Each structure stands twice: as structure tokens, then as C-alpha cells.
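Numbering (this note's numbering), first residue to last: 295 to 780.
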Ligand SMILES: *[C@@H]1O[C@H](CO)[C@@H](O)[C@H](O)[C@H]1NC(C)=O
Ligand SMILES: *[C@@H]1O[C@H](CO)[C@@H](O)[C@H](O)[C@H]1NC(C)=O
């Protein structure tokens, strides 16, 4: 994750809420609150008026880096801390799969940690093109795609895990901090190739297109591969610069995208200098502010796709100087104020009414030790100049005051938040049929009731055929199940 939007914030705070960038946006209209005219829901989209909240937790093995401990977290532990079952968990793996240096096995995301929640939480799976070489796309073989498609076929198969999956390939592809970044023609070709390979095996995966917010585009890059220059230079003035569109070259086409995603971070006030560490609170209305300034919202509206904050959060800056740090940075506004003002910009009934397509929010539940890491000309982690990386805490379920504040704000949203239901073996999310199977039913002490579909009374007005089938069938299945058990 990486975002360099800060310079824009100051402009936008004082300016017209409907500001356009000073660059060619291919006549994208200035955004106005949408009319929500969609008639068919996207695969795994919650019903209108509902949102899904979840996290990307530190599932890697625990390790100590300077003064902090990273890793060792699980989705179950997140649910326990929150006192609720999150509706989505974000995990990642690479393509080709990374190979373990210990036993040479291929490293998939730790999906077993999702199973141990015993919930039907959605898996949000990011697929990163391998970062091991300068030409990551060249490393993706048909065999790699076949393995991924089979893996997803198995994960989503109702007779196996039966889990709903949102898949995000090559996130933040319009940024320069990943080796696969800023290569739009390659990205689009590989994205389509991957979608086609997966769809040949399963229709149960929902695809997320998730560029970075376009503020500060092209993020200091002056050199690109010649083959990509024509695509990047959208205004055809011969140079690739801030006048070019940060999104359109990367759009894979409507039929390849189910959700529009975005990464969204507050790291402090850019006016105080890079790397930001001033621990100032997130500006009110931040979510809308940034989405209005980026095109994610425009794409979601234009193509009537639901919008997901694929990863995001507000950083509490802890230390400077990366892993060698010992001295704490000034707390200033404090972790609660900084992070609460961030989540209140989306766990926010005004925002949700105004932008009903915004339906899923995933907090980057991580600490991050920034070191000299980004291989390009990125002001965030300058190699020269003596200012080294910042250690930041984006987690909102560890500090007791922050956690209490989050619980209060989530509770205030009530039924708007669609929490995960119990896992029911054999349940088919496409047809709403199947499950609970006999093994599960005989072991259960209380009836498993799916709480995360729309209630049966809303069937007549629901926008999703599969939702409607699902809720009706859930009632039927539940009835049959009761008849069998009692
Ligand atoms: C599950 O994976 C195997 C390969 O490991 C594959 O042969 C099979 O087709 C997959 N099942 C589904 C439903 O995709
Ligand atoms: C809630 O959202 C609205 C619309 O974006 C915004 O104006 C308001 O400032 C937000 N509230 C907070 C506390 O961010």
C-alpha cells in the first residue's frame, strides 16, 4: 500500500468540493451525488443500504523490528477484539506463487485462518504480480493462471469451502512503487488474461479493479518504457506528466470489472514536509474529499459498479528512522482523534446516503515500518537527505481507546453494517441452495441462521436476483433443517 495524495488535500480543503484535476480526464464530468439506478446487483454486493466492514490483518509470523512487533494476528483474533464477525478479510498472494525457502512449498494466502473464524466472511484476495524481477508480467505462465483458477474454483465451490471471493489483481497499478506499475497496456492485457483463465474454471469470483487515487500522478516518474509511452500520454502532447489521465489507460473494460476499488490513506499533513509524521487528525469528510478528487467514484458511477475501499486507514506515526528507531515521535492529535476522524468519514450515514455505491471498507490493520524501500524517486522514503522511513500504526483494534471508539461508532450504524453470518457447509451463494449438510447439522447445538442476506420481506424490492433466491431458499432450507433436527 502506498499513497501520495497529501499535497492535493490542502487544495481541496479550501476549494470547490467538485474540483477537477488540472489534467485531461477525457471529459469525466464534475461529480455530483448519483442517482442509484442500477437494477442488477454485482456478485456478492450487499443489498442497497448495507455496507460490509472488515480488515487486512497481519497474518505473517510474528517478528520484532526495532521497537515494535509485527505479525501474528488472525481474522479470529480481530473478531474477538471487535466483538463482531467482520464481513470481509483481505489477504494476498503473488503470481507466480512465492516459494517457501524452508520447505519449497508454494505460498498461497493463509485461507485456513478464514476457516477458523467459522463465519462466512468474504475473502478479498489480492494477487500481486511477483516483485522478484524487473518484468513481473513476463513471469506469469499459463500454468500459474491455471493453478490460481483451480485454487479459486476449490475455495468458492459450495461442496468445498463455498467462500465468496473478491479478487484484486495488480493493485495501485497506476503508481510507480510496484515493479508492475505504470505499464498500462501490459496491465490491461494481463488483467484480462487472468480474468479469462479464472472464468474458464469458475464463475464464482467477483473482480476488483483498484488503482491508486490519482493525486500527485505520475508520482515523480519521468521515464517509462517506450512501448507504454503512447498509452500513458493520454493528451498526446509527447510527454508523460501530470496532465495525463491516471486511470483510463488502465481500465480493462466494463465486462472485466465487478467492483471499483481504491486505496485510501491519511498519513498526516503534507504541508509539514515529507515523510509526513505530524500526527494531525484526518480532515472531516476525508473519504468524500479524496474520492471526489480521484476517478474511482466516477468509474463506479459511470459503470454502475459498487465501490470498495480495498485498503485504507489513518496512520499514527510512532517512530522515525525505520527499524533502528528508538525515539517516539510527538503524539500531537493522538491516535484516537487521527483514526476516528478517518473512519467517521466513511462510517458515516451522510456519506453512505450520498454515495450508496460505497459498500465495502477494509481497514489496513497493520503497522508498517517504512525503510529505504521504494526503488523510485519517491519523496516518502528519500534515500538521501537524512530523513528515513517512518514507523506507522494503522490498526484500530489494539489501542483500547481507539477500539472503544470504533465499537461505539459501528454500533451506532446498527443494521447498516452487514456482519458475517455463521459458516454453513454446502451453502451455494449463487443459487441460495444447499447446506447445512447433515454432518454440520447434527453437530450444531443451535440453528445456523444466515443473517447476512436481505430479510425475506425485502425480496420484492431487492435488486439482486441471486439475493432474492438466496433469502427465500435460506428460509426454506432453514425450515427443512428444523424439521430434520427437532
Ligand atoms: C480443484 O483443484 C483441482 C486441482 O488441484 C482441480 O482439478 C479441480 O478442477 C478444482 N475444482 C474446481 C471446482 O475448480
Ligand atoms: C460525513 O460525511 C459527509 C459527506 O462526505 C461529510 O461532509 C462529513 O464531514 C463527514 N463527517 C465526518 C466526521 O467526517
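Beta carbons: idealized from backbone N, C-alpha and C, even for Gly. From a predicted model like this one, the values you see are computed outputs, not experimental measurements.
Apart from the five residues on each side of it in sequence, which residues of its chain come closer than 6 Å, Cβ to Cβ, to residue i?
{"i": "residue 639", "result": "579, 580 and 581"}
{"i": "residue 680", "result": "Low local confidence applies: a pLDDT of 38 at residue 680 is under 50, so the model's placement there is unreliable, and no value is given."}
{"i": "residue 425", "result": "473"}
{"i": "residue 633", "result": "608, 690 and 696"}
{"i": "residue 497", "result": "none"}
{"i": "residue 700", "result": "690"}
{"i": "residue 365", "result": "352, 354, 355, 356 and 357"}
{"i": "residue 686", "result": "609, 611 and 662"}
{"i": "residue 370", "result": "410 and 411"}
{"i": "residue 520", "result": "none"}
{"i": "residue 593", "result": "554"}
Report back the beta-carbon spacing between residue i and residue j to the nearest angstrom; my notes put them in contact at under 8 Å.
{"i": "residue 386", "j": "residue 419", "result": "7 Å"}
{"i": "residue 618", "j": "residue 381", "result": "Between residue 381 and residue 618 the Cβ distance is about 39 Å, and since that is not below 8 Å, they are no contact."}
{"i": "residue 720", "j": "residue 728", "result": "4 Å"}
{"i": "residue 502", "j": "residue 460", "result": "5 Å"}
{"i": "residue 423", "j": "residue 434", "result": "7 Å"}
{"i": "residue 683", "j": "residue 569", "result": "7 Å"}
{"i": "residue 616", "j": "residue 663", "result": "6 Å"}
{"i": "residue 345", "j": "residue 541", "result": "With 8 Å as the limit, residue 345 and residue 541 do not qualify as a contact, their Cβ atoms being about 24 Å apart."}
{"i": "residue 703", "j": "residue 641", "result": "5 Å"}
{"i": "residue 340", "j": "residue 598", "result": "Contact flag wrong, Cβ pair sits at about 15 Å."}
Enumerate in chain order the residues of its own chain whose CB-to-CB distance from residue i is below 7 Å, with the five nearest sequence positions on each side excluded.
{"i": "residue 403", "result": "385, 386, 387 and 419"}
{"i": "residue 337", "result": "500 and 552"}
{"i": "residue 454", "result": "448"}
{"i": "residue 467", "result": "474, 475, 481, 505 and 544"}
{"i": "residue 372", "result": "349, 351, 380, 659 and 691"}
{"i": "residue 614", "result": "571, 623, 682 and 684"}
{"i": "residue 546", "result": "482, 485, 486 and 503"}
{"i": "residue 717", "result": "412, 413 and 414"}
{"i": "residue 430", "result": "423, 424, 473 and 474"}
{"i": "residue 605", "result": "295, 350, 384, 557, 656 and 658"}
{"i": "residue 494", "result": "443"}
Within 10 angstroms of its Cβ, does residue i collect 16 or more other Cβ (buried), or is it exposed?
{"i": "residue 396", "result": "exposed"}
{"i": "residue 393", "result": "exposed"}
{"i": "residue 692", "result": "exposed"}
{"i": "residue 530", "result": "exposed"}
{"i": "residue 650", "result": "buried"}
{"i": "residue 624", "result": "exposed"}
{"i": "residue 504", "result": "buried"}
{"i": "residue 490", "result": "exposed"}
{"i": "residue 556", "result": "buried"}
{"i": "residue 549", "result": "exposed"}
{"i": "residue 436", "result": "exposed"}
{"i": "residue 356", "result": "exposed"}
{"i": "residue 456", "result": "buried"}
{"i": "residue 528", "result": "buried"}
{"i": "residue 428", "result": "exposed"}
{"i": "residue 612", "result": "buried"}
{"i": "residue 367", "result": "buried"}
{"i": "residue 643", "result": "exposed"}
{"i": "residue 406", "result": "exposed"}
{"i": "residue 377", "result": "exposed"}
{"i": "residue 722", "result": "buried"}
{"i": "residue 621", "result": "exposed"}
{"i": "residue 648", "result": "exposed"}
With a threshold of 8 Å on Cβ separation, who are the neighbours of residue i within its own chain once the five nearest residues in sequence on each side are excluded?
{"i": "residue 526", "result": "476, 478, 512, 518, 534, 538 and 543"}
{"i": "residue 574", "result": "562, 563, 566, 626, 627 and 632"}
{"i": "residue 576", "result": "560, 608, 632, 633, 635, 636 and 639"}
{"i": "residue 363", "result": "356 and 357"}
{"i": "residue 375", "result": "691, 692 and 697"}
{"i": "residue 399", "result": "393"}
{"i": "residue 524", "result": "none"}
Please indicate yes or no: does the CB of residue i lie closer than 6 Å to some heavy atom of ligand 3?
{"i": "residue 505", "result": "Ligand 3 is not part of this structure, which contains only ligand 1 and ligand 2."}
- Query: Can we say the region 704-715 touches the region 412-429, given the rule of at least three CB pairs closer than 8 Å?
  - Reply: yes
Check your understanding: Whose CB is closer than 6 Å to a heavy atom of ligand 1? List the residues in chain order.
Key -> 444, 447, 448, 451, 495 and 496
Any 3 or more C-beta pairs closer than 8 Å across the region 484-493 and the region 527-535 = no
| said: Please enumerate, following chain order, all residues with a beta carbon closer than 5 Å to at least one heavy atom belonging to ligand 2. | reply: 578, 579, 582, 638, 639, 642, 644 and 645
message: Can you confirm whether the region 618-637 touches the region 440-452 when touching is taken to mean that 3 or more C-beta pairs between the two stretches lie within less than 8 Å?
response: no
*How do the region 647-662 and the region 343-357 stand: do at least 3 beta-carbon pairs fall below 8 Å, yes or no?*
yes
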